[in-house]
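S.K.:
In the working numbering, the protein residues as written are 1438 to 1675.
#1: In this structure, how does DSSP classify residue 1645 when only helix, strand and coil are distinguished?
#2: Quick check on the burial criterion: 16 or more other C-beta atoms within 10 angstroms. Buried or exposed for residue 1660?
#3: From residue 1603 to residue 1627, what does the alpha carbon distance come to, in whole angstroms?
#4: Tell me which same chain residues have a C-beta within less than 6 Å of the C-beta of residue 1568, skipping the five on either side of it?
#5: Any chance you could list the alpha helix (DSSP H) runs of at least 4 consecutive residues sitting entirely within the stretch 1601-1649, in chain order?
#6: So residue 1484 and residue 1563 are in contact, right, with Cβ under 8 Å, and what is the actual spacing, rounded?
#7: Would you call the stretch 1649-1657 and the stretch 1576-1588 touching, i.e. three or more CB-CB distances under 8 Å?
#8: State the Cα-Cα distance for the pair residue 1585 and residue 1631, rounded to the nearest angstrom.
#9: Just to confirm the assignment: which complete beta strand (DSSP E) runs, minimum length 3, are found wholly within the stretch 1517-1589?
#10: I'd like to know whether the C-beta atoms of residue 1434 and residue 1611 end up nearer to each other than 7 Å.
#11: What is the residue span of the alpha helix (DSSP H) that residue 1503 lies within?
#12: Please classify residue 1444 as buried or exposed, where buried requires at least 16 other C-beta atoms within 10 Å of its C-beta.
#13: Would you say the beta carbon of residue 1626 is closer than 6 Å to some non-hydrogen atom of the ligand COA?
#14: Rounding to the nearest angstrom, what Cα-Cα distance links residue 1638 and residue 1446 in this structure?
#15: On the CB-based measure, 16 or more other CB atoms within 10 Å of its CB, does residue 1438 come out buried or exposed?
#16: Please identify the residue among 1596, 1482, 1665 and 1454 whose C-alpha is closest to the C-alpha of residue 1499.
#17: Relative to the alpha-carbon of residue 1543, which residue among 1572, 1633 and 1472 has its alpha-carbon at the smallest distance?
#18: My understanding is that residue 1558 touches residue 1480, with C-beta atoms under 8 Å, so please give their C-beta distance in whole angstroms.
#19: Out of 1608, 1633 and 1663, point me to the one whose CA is closest to residue 1465's CA.
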């Protein structure tokens, strides 16, 4: 029997698993991007509530960030997946639908990752806003800018400039958290590596391949974030 080497195993040939690994990589990227965008939206809204909101909004924001940063990410995924599935099954019972109705694993994972990382993004945006010089905001008011114009031309660009390095760290966190979504049955990169490992009995090869693909995603996204940071830092003192 011919022995298949590592490169043949991860190729697109007859005995290769390259197509399955790349499909898992695509799902991982899609899941991570969706979760990251959701976390940025949640983080911006909660940061606004903690900075400019009234007392109830600030308390709600503090509770959200404290609770979500203290609960293990895997537990949040389980709560979303099984909790939502139980709710769907209960609702289905009202319409005489028997059996367990599973909540879509990709959607549950995206929501769990987005809401969990949103707590991190909240503190990123809040710290970035605090880094803006008060004099710049006072100058905008003195120029007669209304609140919406100040937000669009002063606050949002400067907040993004200061937040980008920390947002890169949150992205790396989201990318690693995406591997936990395998518990919901989503065929992301780690799930495909586990499938190939079990089918061929060569776990080391498949997990090394998965590690290399994760590193590739991390390197390319890190380069993109550095380019974005450089773009938004034009004209700033380094």
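Beta carbons are placed, not taken as given, at the ideal position from N, Cα and C, and that holds for glycine.
Please read all numbers here as calculations on a predicted model, not as lab measurements.
M.R.: In terms of the structure at hand:
#1: helix
#2: exposed
#3: Going from the Cα of residue 1603 to the Cα of residue 1627 covers about 26 Å.
#4: Excluding residues within five positions, the ones whose Cβ falls inside 6 Å are 1599.
#5: 1626-1637
#6: 4 Å
#7: no
#8: 50 Å
#9: none
#10: Absent from the model: residue 1434. The displayed extent of the chain is 1438 to 1675, so no value can be given.
#11: Where residue 1503 is concerned, the enclosing alpha helix (DSSP H) stretches over 1492-1507.
#12: exposed
#13: Of ligands this structure carries none, so the ligand COA is not represented either.
#14: Using only the alpha carbons, I get a separation of about 12 Å.
#15: Confidence at residue 1438 is low in this model, with a pLDDT of 44, below 50, so its placement is unreliable and the value that follows should be read with caution. Flag for residue 1438 reads exposed.
#16: 1482
#17: 1472
#18: Sure, about 3 Å apart at Cβ, within 8 Å.
#19: 1608
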